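What follows is a short report on a single structure.
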Amino acid sequence: MSRAAPSARTLAAKTVLGVIEEDLSLEVSLERVLAKAPAPLRPAVRSLSYGAIRGFFRHEAVLSRLLSQPLDSIGGAPQVILSVALFELEDARSPDYAVVDAAVTSARALGLNKLTGLINAVLRRYLRERKTLETDLARNPIVRHAFPEWMAQRLRTDWPIRWTQILAACDRQAPLWLRVNPQRTTDAQYLEQLRAVGRQAQLAPGVAHAIVLEAPCEVEELPGFAQGLVSVQDLAAQCVAFPLALAPGQRVLDACAAPGGKTALIAERQADLKTLLAIDIDASRLQRIEQTLARTGSRAQVLQADVGLPAQWWDGEPFDRILLDAPCSALGVIRRHPDIRLRRRPFDIDKFAKSQAALLRAAWRMLAPGGRLVYSTCTVTRRENHDVIAVFLAETADATLVPPDSWEGWPALGESDGFGMQIVPGEAGADGFYYAALSKQ
Ligand SMILES: C[S@@+](CC[C@H](N)C(=O)[O-])C[C@H]1O[C@@H](n2cnc3c(N)ncnc32)[C@H](O)[C@@H]1O
């Protein structure tokens, strides 16, 4: 007799296990599981996996209250089965009994026969006590919004007034933002094309080419996506155009370019650059840049290179503009990548800050006198944003700040930290992002 095919819940549990036990990103873990999953199950696996990961730390708090033994002692697989089930019970789209039965079936499918009784008992106790439990746990915003304690405390230190607002924003699903390609169409024409296929959308106030859809959809359903009329890019990421101040004839380096979202934006906004060089250290991600450029009909040179080691690849001709979209803790994009809450560790913030400072020093050497470097991150920690810029300016004699109030066209978004602009997650529907601009004397 053939064994029953795994259910969406079992596949979601395997996906979440890949994140917590192998430190895979949620998308990589999903890709691995979905490659072997029957097509009709895929949307459910995706939504259960995201739901379980989004609520993971809240579920952990619930389980700690319901179990008579320490949570660590039950092991990773039972915990993720319970997390998938708790997400479904919170979500309330399936009958409670079906969710409990399915969790027990998943436990068997994953070879956890001895733990089926425990899983059944914990979920039934949750259903009996859920009102009191939810009221108790909701009092603490860190638990309510499912954050690890250290990360929430870090945000609290950096954002003493706005930290709970930031936690709440990270806990909501992000809208779908599009970037219209002005080389291929106009904002008005594209809005019309969207309306013609029944999709409601709006232009962002003060940010040309940025459109938000009322209801997210698959990119293939967007008119003209394959022809490069639009790309998916968050509003905050699109704001990079303002501090960069692109002009014809410039030599531009996109120093941390993959997957190429900002490279394509640069090429679309200024088609008459002398050079646009997009580099990234990760060879496996370069292909994504090439694909985006080909789809949008944009031109750039793409090179695998380490911005920290210019001697290995730079021809010595300085750049007029450098974008350093540095690797960071990415706490500004948690709503899109909820696994960041599970995969980051407290010491990562300092580690990123050190490497950001080193990349900034290396990139600076390639900037022409009179040129401008834009430093950006998709995070909201002061250590990786304000402090990196403050230290760099203090130690670099030929660097001057280009203050945000001089960035032409910058919209009513973000707050100044004395150096750059910090957009916090959820503000105007945008991701959390940081920009600072520096010019060379
Ligand atoms: C935040 S992502 C860039 C996102 C990209 N700018 C976009 O808008 O699509 C950071 C990138 O920096 C790259 N990176 C990290 N260290 C690097 C280095 N030393 N030199 C060049 N690229 C590096 C990573 O591989 C990663 O692709």
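According to our numbering, the residues represented by the sequence shown are 25 to 465, in order. All residues carry an ideal CB built from backbone N, CA and C; glycine is no exception. As the structure is a prediction and not an experimental result, all values here were calculated from the model.
- How about V331: is its Cβ closer than 7 angstroms to a heavy atom in ligand 1? Within the sequence shown, the letter at position 307 stands for residue 331. Because some heavy atom of ligand 1 lies under 7 angstroms away, the Cβ of V331 counts as near it: yes.
- For P172, I'd like the list of residues in its chain whose CB is within less than 7 angstroms of its CB, leaving aside the five on either flank, ordered along the chain. Numbered from its first residue, the sequence shown carries residue 172 at position 148. Excluding positions up to five away in sequence, the list reads F81 and R365.
- How about R309 and P283: do their beta carbons lie closer than 8 angstroms? On the sequence shown, position 285 is the one that residue 309 refers to. On the sequence shown, position 259 is the one that residue 283 refers to. Taking 8 angstroms as the Cβ cut-off, R309 and P283 qualify as a contacting pair.
- Spatially closest choice to D296 from V57, R275, R78 and Y214, by CA coordinates: To locate residue 296, count along the sequence shown from 1; it is residue 272. Minimum Cα distance to D296 is reached at R275.
- Query: How about the region 155-165 and the region 82-95: do they share at least three Cβ pairs that are nearer than 8 angstroms?
  - Reply: Yes, the region 155-165 is in contact with the region 82-95.
- Query: At what residues does the beta strand (DSSP E) containing A302 begin and finish?
  - Reply: On the sequence shown, residue 302 is found 278 positions in, with the first residue counted as 1. In the DSSP assignment, A302 falls within the unbroken beta strand (DSSP E) covering T299 to D304.
- Message: Tell me the DSSP secondary structure of E439 in three-state form.
- Response: In the sequence shown, counting from the first residue as 1, residue 439 sits at position 415. Three-state DSSP puts E439 in a strand.
- For the beta strand (DSSP E) containing V231, list its first residue and its last residue. The residue given as residue 231 occupies position 207 in the sequence shown. V231 -> no beta strand (DSSP E), and no H or E assigned at all.
- Spatial neighbours of R70 within its chain, please: CB distance less than 7 angstroms, with the 5 preceding and 5 following residues excluded, ordered by chain position. Here residue 70 refers to the residue found at position 46 when the sequence shown is read from its first residue. The residues are L54.
- Query: When the Cα of F111 is compared with those of H83, G135 and V236, which residue comes out closest?
  - Reply: One-based indexing of the sequence shown puts residue 111 at position 87. Nearest C-alpha to F111 among H83, G135 and V236: H83.
- Residues bridged to D278 [DSSP beta-bridge criterion]: The residue labelled residue 278 in the question sits at position 254 within the sequence shown. When beta bridges are read from the DSSP output, D278 appears opposite A302 and L347.
- Quick one: which unbroken beta strand (DSSP E) runs of 3-plus residues sit fully inside the region 190-273? Chain order, please. Counting only runs of 3 or more residues that sit fully inside the region 190-273, the beta strand (DSSP E) segments are 201-204, 225-227, 234-237 and 254-256, in chain order.
- A162 - DSSP class collapsed to helix/strand/coil: In the sequence shown, residue 162 corresponds to position 138, counting from 1. It is helical.
- Report the residue from I305, A265, I190 and I235 whose alpha carbon sits nearest the alpha carbon of A212. The residue labelled residue 212 in the question sits at position 188 within the sequence shown. Of the listed residues, the one whose Cα sits closest to A212 is I235.
- Task: Enumerate in chain order the residues of its own chain whose CB-to-CB distance from S26 is below 8 angstroms, with the five nearest sequence positions on each side excluded.
- Result: The residue labelled residue 26 in the question sits at position 2 within the sequence shown. Per-residue confidence for S26 stands at a pLDDT of 42, beneath the threshold of 50, marking its modelled position as unreliable; the derived number appears in the next sentence. A distance below 8 angstroms between beta-carbons, with the five flanking residues on each side excluded, links S26 to no residue of its chain.
- Query: With a CB to CB cut of under 6 angstroms and the five nearest residues on each side skipped, what residues in its chain are close to V57?
  - Reply: For this step, residue 57 is matched to residue 33 along the sequence shown. L35, K38 and T39.
- Task: Report the option in L253, I305 and A350 whose CA atom is closest to the CA atom of F376.
- Result: Along the sequence shown, read from residue 1 onward, the residue named residue 376 stands at position 352. With distances taken between Cα atoms, F376 lies closest to A350.
- For V398, which residues does DSSP report across the bridge? One-based indexing of the sequence shown puts residue 398 at position 374. Residue pairing of V398 in beta bridges, as defined by DSSP: L347 and A461.
- Item | Spatial distance of L151 from D115 (CA atoms) | One-based indexing of the sequence shown puts residue 151 at position 127. One-based indexing of the sequence shown puts residue 115 at position 91. Cα to Cα, L151 sits roughly 13 angstroms from D115.
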